[in-house]
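Numbering (numbering that gives the first Met the number 0), first residue to last: 0 to 349.
All residues carry an ideal CB built from backbone N, CA and C; glycine is no exception.
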Amino acid sequence: MSSSHPLPIEVLSQGRAAVFEEPAGPSGVRIRERPTTRPKQGHVAVEIRAASINHLDLWLAHGAQKIPPPRVICADGAGVVRESADPRWRAGAEVVIFPTLCCWECEQCRAGENVYCERFGVLGEHADGTACELVHVDGRSVFPKPSGLSWAESAAFPLTFLTAWRMLVTRARLQPDETVLVIGAGAGVAVAAIAIARHIGARVLATSRSEAKRKRAMELGAEAAFDSAGFSKPVRGLTGDGVDVVFEHVGAATIGESMRSLAMGGRIVTCGSTSGVNAEVSMPRLFFRHASLIGSTMGNAAEFEAVLKAIDRGMRPVVDAVYPLNDVQAALTRLDTAEQFGKVVLSVSA
Ligand SMILES: [Zn+2]
0 MSSSHPLPIE VLSQGRAAVF EEPAGPSGVR IRERPTTRPK QGHVAVEIRA
50 ASINHLDLWL AHGAQKIPPP RVICADGAGV VRESADPRWR AGAEVVIFPT
100 LCCWECEQCR AGENVYCERF GVLGEHADGT ACELVHVDGR SVFPKPSGLS
150 WAESAAFPLT FLTAWRMLVT RARLQPDETV LVIGAGAGVA VAAIAIARHI
200 GARVLATSRS EAKRKRAMEL GAEAAFDSAG FSKPVRGLTG DGVDVVFEHV
250 GAATIGESMR SLAMGGRIVT CGSTSGVNAE VSMPRLFFRH ASLIGSTMGN
300 AAEFEAVLKA IDRGMRPVVD AVYPLNDVQA ALTRLDTAEQ FGKVVLSVSA
C-alpha cells in the first residue's frame, strides 16, 4: 500500500454554485458562477434539481473541517443526466448521487467496502459538491432516482439514510424484536434512523431538547420521546432493563446517559460528536454490562442500494424546508439555529 497522500476524487461542480469562500459561518458561503465543460470518459454530467444541506456543510462554513476554500458545498443531490460519457447512462435519466467518494478500483472498493477506500471522502467536503447547476461525477456514483419521491425528497435522503442504514443494519445489527433509542431526534441522521428502525419493525424511543421535535418523532413512529436531560431514567422505566441499541451522534453531552440506557449486551452506535470530540465513558459500565461501542461513518454502494430498495417499499425521508439555491445562507442559518426537523433542501432548477 502506498504511504503517499492519495489523490482526491475528482468532482466538477459547475454553473451557478454555492461556494464556501471563507470560514465565516453561513455568510461565508456565496453564490458564484462557474464555467461548464463536457464530462470526461466514465463520468456523467448531472443537472441538479435539488441538493440538501447536512451539518457537515455548516461545520465547513464555520471553518471547523479545516477544508481550504473555495469548495462547492453539499453531499446530497438529485437531478437529470444532461450528458453521459459512461455507457451505463443516457441523457435524460433521473438519478440520485451516492455521497461517498471512493476510487471504485482498489481492492477495498472491489470488495464492496467503499468506506475503507484509501481515497474515501465525502462529496462536498473532500471534493466539490452538489449545490450547483451541473455536477460531473463517476458514472458508478449515480443511481436511479426513486420513482415515488419528489426532487426535494430525492435530495433529502442520500447521506443521512446511507449513514443511518450502515449504523443500524450493518454495524449494530438491529433486529425487528429489539428496541432502539434515537438521540437528538431533530437531526437529519436521527430522523433517518427513526424511519429505518420503523421500516425494520423495531421499537423506537427518542430524545430531544425540543418538545415540538419530540412530538414529531412520535408522529414518525417513536413510541415515546424524552427530554435530553436525564433520559436514561424514563427509558429504563419504560423498558425495564434498557434498550438494545442507542443511536448516537451527539457524543460528549449524551454518551453517559446513552450508556445508562443500554440493556445487558446492548450496543451504542455513533457517527458523530456534535457536542465535542472527547467524551467520558464509564469503563465498568461498558465491560460489566457486555456493552459495545461502535463507530461508523457514511456507507457503501450496496448499503445505498438497500436504502433505495427500502424507499421503493415505502420508507420516506422528511423534508423540513426548501430554499432556492440563491438563499443558501438562509438555509444554512436554519440548521445553525437547530430549528429544523429533517432535511433542509436547496431547490436548484425546475
Ligand atoms: Zn477504492
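Give the straight-line distance between the Cα atoms of G78 and G275, rounded to the nearest whole angstrom. 35 angstroms
Looking only at its own chain, which residues have a Cβ that is under 6 angstroms from the Cβ of A92, when we skip the five neighbours before and after it? V80
Answer yes if the region 150-165 comes into contact with the region 292-309, meaning at least three C-beta pairs across the two stretches below 8 angstroms, and no otherwise. yes
How many angstroms separate the CA atom of T336 from the CA atom of G185? 12 angstroms
Same chain, Cβ closer than 7 angstroms to W58, five either side skipped, listed in chain order: Q64
Under 8 angstroms, do A278 and G250 count as touching if we go by C-beta distance? yes
Contact set for E32: own chain, Cβ-Cβ below 8 angstroms, skip 5 residues either direction: G14, R15, A16
So with Cβ pairs under 8 angstroms, would you call T269 a contact of chain C? The chain labelled as chain C is not found in the depicted structure, where only one protein chain is given.
Out of V71, L55, F287, H54, which one is the CA nearest neighbour of H135? V71
Please report the straight-line C-alpha distance between P143 and R48, rounded to a whole angstrom. 14 angstroms
List in chain order: all unbroken alpha helix (DSSP H) runs of 4+ residues lying wholly within the region 195-257. 210-218, 231-238
If you draw a straight line from the C-alpha of I96 to the C-alpha of C116, how long is it? 18 angstroms
Use the C-beta contact count for M0: other C-beta atoms within 10 angstroms, 16 or more gives buried, fewer gives exposed. Confidence in M0 is poor, its pLDDT being 45 and thus under 50, which makes the residue's placement too unreliable to answer from.
Please report the straight-line C-alpha distance between L307 and P145, rounded to a whole angstrom. 7 angstroms
Which residue or residues does DSSP assign as beta-bridge partners of D137? H42
Using the C-alpha atoms, what's the distance from V245 back to T238? 13 angstroms
By DSSP, does S2 sit in helix, in strand, or in coil? Low per-residue confidence applies at S2: pLDDT is 49, beneath 50, and the placement is therefore not dependable, though the value from the model is reported in the following sentence. Of the three classes helix, strand and coil, the one that applies to S2 here is coil, per DSSP.
Which residue from A252, H248, C73 puts its Cα closest to that of I267? H248
Run through the region 296-331 for me and flag every whole alpha helix (DSSP H) of 4 or more residues, listed as ranges in chain order. 300-311
Using a threshold of 7 angstroms, is the CB atom of W58 nearer than that to any non-hydrogen atom of ligand 1? no
Does any heavy atom of ligand 1 sit closer than 7 angstroms to the C-beta of R118? yes
Determine the direct distance from the alpha carbon of S140 to that of W164, and round the result to whole angstroms. 18 angstroms
The region 200-212 contacting the region 220-234, beta-carbon criterion three pairs below 8 angstroms: yes
For A92, report the span of its alpha helix (DSSP H) as first-last. Careful: A92 lies outside any alpha helix (DSSP H) and carries neither H nor E.
Within 10 angstroms of the Cβ of N53, are there 16 or more other Cβ atoms? Answer buried if so, exposed if not. buried
Take the Cβ of A329 as the centre, count every other Cβ of all protein chains shown within 10 Å, and call the residue buried at 16 or more, exposed below. exposed
Distance, Cα to Cα, M166 vs P34? 38 angstroms
Bounding residues of the alpha helix (DSSP H) (the contiguous stretch that carries E106): 106-109
Along the chain, where does the beta strand (DSSP E) containing R15 start, and where does it finish? 11-19
In DSSP terms, what T99 is bridged to: V121
How would you write the range of the alpha helix (DSSP H) that S153 sits in, first residue to last? 150-155
Mind checking which residues open and close the beta strand (DSSP E) that includes M263? 261-269
May I have the straight-line CA-CA distance separating L55 from V344, to the nearest angstrom? 14 angstroms
Does at least one heavy atom of ligand 1 sit under 7 angstroms from the Cβ of E104? yes
Taking all protein chains shown into account, decide if H42 is buried (16 or more other Cβ within 10 angstroms of its Cβ) or exposed. buried
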